[in-house]
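K.L.:
Anchor point for the sequence shown: position 152 equals 187 in the working numbering, and the numbering is continuous, going up by one each time.
For glycine and all other residues, C-beta sits at the position ideal for the given N, C-alpha and C.
Just dropping this structure here.
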Amino acid sequence: YGIVPDVVTLGKPMANGHPVGAVITRREIVDRFAVGTVFFSTFGGNQVSVAASMAVLDVLDDERVLPRVVEAGDALRGALVEVAGRFPIIGEVRGVGLAVGLDVVRDPGTRIADPVAARAIKEGLRDRGVLVGTTGAAGNVLKIRPPLAFTAGDVPVLVLALEATLAAAAAR
């Protein structure tokens, strides 16, 4: 998207459940902290959490997880765009990697949010073995975030469940 942040903070998944966090920034920002700033962290440097973090980062690199996420995400969004073309209740498909949002709308022309339908679709997907969430100010965005083990080969499972759910909703 052409945006380069000054600072990025992260933590929760970084050590596969162990308490850890990180701050990523540019060298010139870090250098400012080296002069005249006292840094203190109550729980900083937990060796077990640091080792867990390093192991997670090694797996991400060794198993080429990020390129697979890009490939699977592209395949997923492409398939979902096709589904949206057949079911006008899906107003927009957007996302990056495996983080995908589907706007559920009453009418594709007005794009008025339909949180009731979004909730019903979420429940229909759950009944078909696919877990998604809902989000957004109106609660009408289906939040699809499959695990990092999800591959392009798994896309049909999710898409078939969504198509069946949308077809059942349209038949009512």
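Would residue 149 and residue 141 be called neighbours here (beta carbons separated by less than 8 Å)?
P.N.:
In the sequence shown, counting from the first residue as 1, residue 149 sits at position 114. In the sequence shown, counting from the first residue as 1, residue 141 sits at position 106. Yes; because the gap between Cβ atoms is below 8 Å, this pair is in contact.
K.L.:
Between the Cα of residue 145 and those of 132, 126, 155 and 137, spot the shortest distance and give me the residue it belongs to.
P.N.:
Here residue 145 corresponds to residue number 110 of the sequence shown, with the count starting at 1. The candidate whose alpha carbon is nearest that of residue 145 is 126.
K.L.:
Go to residue 46, then tell me how far its beta strand (DSSP E) extends in each direction, as first and last residue.
P.N.:
Your numbering for residue 46 matches position 11 in the sequence shown. Careful: residue 46 lies outside any beta strand (DSSP E) and carries neither H nor E.
K.L.:
Less than 7 Å between the CB of residue 57 and some heavy atom of the ligand SAH, yes or no?
P.N.:
In terms of ligand content, the structure shown is empty, and the ligand SAH therefore cannot be addressed.
K.L.:
For my contact list, residue 58 and residue 44 are in at a C-beta cut-off of 8 Å; report their separation, rounded to the angstrom.
P.N.:
Numbered from its first residue, the sequence shown carries residue 58 at position 23. Numbered from its first residue, the sequence shown carries residue 44 at position 9. 5 Å between Cβ atoms; contact.
K.L.:
Could you round the C-beta distance between residue 169 and residue 154 to whole angstroms and report it? I think they count as a contact, below 8 Å.
P.N.:
Within the sequence shown, residue 169 is the residue found at index 134, counting from 1. Within the sequence shown, residue 154 is the residue found at index 119, counting from 1. Confirmed, Cβ separation roughly 6 Å.
K.L.:
With DSSP as the reference, identify every bridge partner of residue 217, one or two as the case may be.
P.N.:
Residue 217 is absent from the model: the chain starts at 36 and stops at 207.
K.L.:
Expressed to the nearest angstrom, what Euclidean distance is found between the alpha-carbon atoms of residue 111 and residue 103?
P.N.:
The sequence position of residue 111 within the sequence shown is 76, counting from 1. The sequence position of residue 103 within the sequence shown is 68, counting from 1. Residue 111 and residue 103: Cα-Cα distance of roughly 12 Å.
K.L.:
If the criterion is Cβ atoms closer than 8 Å, does the pair residue 193 and residue 136 meet it?
P.N.:
Your numbering for residue 193 matches position 158 in the sequence shown. Your numbering for residue 136 matches position 101 in the sequence shown. No.
K.L.:
So what does DSSP say about residue 147, is it helix, strand or coil?
P.N.:
Looking up residue 147 in the sequence shown gives position 112. Residue state, collapsed to three classes: coil.
K.L.:
How long is the line joining the alpha carbons of residue 60 and residue 186, rounded to whole angstroms?
P.N.:
To locate residue 60, count along the sequence shown from 1; it is residue 25. To locate residue 186, count along the sequence shown from 1; it is residue 151. Residue 60 and residue 186: Cα-Cα distance of roughly 31 Å.
K.L.:
In angstroms, rounded to a whole number, what distance separates the CA positions of residue 50 and residue 79?
P.N.:
Numbered from its first residue, the sequence shown carries residue 50 at position 15. Numbered from its first residue, the sequence shown carries residue 79 at position 44. Their Cα atoms are separated by approximately 14 Å.
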